[in-house]
Amino acid sequence: VQLQAYGGGLVQPGGSLRLSCAASGSIFGIVARGWYRQGPGKQREFVATIRVGGSTDYADSVKDRFTISRDIAKRTVYLQMNSLKPEDTAVYYCKFTATRADYWGQGTQVTVSS
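Take the sequence shown: its letter number 80 is residue 1349 in this note's numbering, and every next letter is one higher.
Printed below as a string of structure tokens:
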């Protein structure tokens, strides 16, 4: 099973983007779906997660600006990003956590710049 992330791009500060990440097939035992990011010269960091029961968590830096959601039937997780800031510039990766393995997408570039 592969994860395909898309929706990144160039956006001005204050703008919005919606990222999507779709799984190519069914994954048994999913515990959570989430997003991580890696900015220039930085380590990969947690952004948001949505657990199998629907509860969510966010990094403090994106709280109240980003919203994670999912469509189980489409095997897809989304990240709605509003009020984007230059410091949000990064490659965004999706991750599906399952009981037996973790699955990572290939990353999609988000650049926030005027």
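Backbone N, C-alpha and C define an ideal beta-carbon position, used for all residues, glycine too.
(request) Take G1284 and list the residues in its own chain whose beta-carbon comes closer than 6 angstroms to its own, dropping the five residues that flank it on each side. (result) As a working note, residue 1284 is residue 15 in the sequence shown. Excluding positions up to five away in sequence, the list reads L1353.
(message) Can you look up D1357 in the DSSP assignment and give me helix, strand or coil?
(response) On the sequence shown, position 88 is the one that residue 1357 refers to. Note: D1357 maps to helix in three-state DSSP.
(message) So, at 7 angstroms on beta carbons, what are the nonlocal neighbours of Y1305 in its own chain, with the 5 sequence-adjacent residues on each side left out?
(response) Taking the sequence shown and counting its residues from 1, the one referred to as residue 1305 is at position 36. Excluding sequence neighbours, Y1305 sits near R1313, E1314, F1315, V1316, Y1362, K1364.
(request) May I ask which residues mark the beginning and end of the beta strand (DSSP E) holding G1278? (result) Along the sequence shown, one-based indexing puts residue 1278 at 9. Run containing G1278: 1278 to 1280, per the beta strand (DSSP E) assignment.
(request) Pick out whichever of Q1307, K1311, K1332, P1309 has its Cα sitting closest to the Cα of T1318. (result) Residue numbering aside, residue 1318 sits at position 49 when the sequence shown is read from its first letter. Distance from the Cα of T1318 is smallest, within the candidate group Q1307, K1311, K1332, P1309, for K1332.
(request) Provide the residue span of the beta strand (DSSP E) that contains S1338, from first to last. (result) Along the sequence shown, read from residue 1 onward, the residue named residue 1338 stands at position 69. Taken as a continuous stretch (DSSP letters only), the beta strand (DSSP E) holding S1338 covers 1335 to 1340.
(request) Report the three-state DSSP secondary structure of C1382 (helix, strand or coil). (result) Position 113 of the sequence shown, counting from 1, holds the residue named residue 1382. Going by the sequence as given, residue 1382 is Ser instead of Cys. The three-state secondary structure of S1382, taken from DSSP, is coil.
(request) Answer yes or no: do A1292 and R1344 have a C-beta to C-beta separation smaller than 7 angstroms? (result) Indexing the sequence shown from 1 puts residue 1292 at position 23. Indexing the sequence shown from 1 puts residue 1344 at position 75. Cβ atoms of A1292 and R1344: closer than 7 angstroms.
(message) Spatial neighbours of K1311 within its chain, please: C-beta separation below 8 angstroms, excluding the five flanking residues on both sides.
(response) In the sequence shown, the residue the question calls residue 1311 occupies position 42. Sequence-distant partners of K1311 (beyond 5 residues in either direction) whose C-beta falls short of 8 angstroms from its own C-beta, in its chain, are A1359.
(message) Taking the beta carbon of V1346 as the centre, do at least 16 other beta carbons fall within 10 Å, making it buried, or is it exposed?
(response) Indexing the sequence shown from 1 puts residue 1346 at position 77. With 16 or more other Cβ atoms within 10 Å, it is buried.
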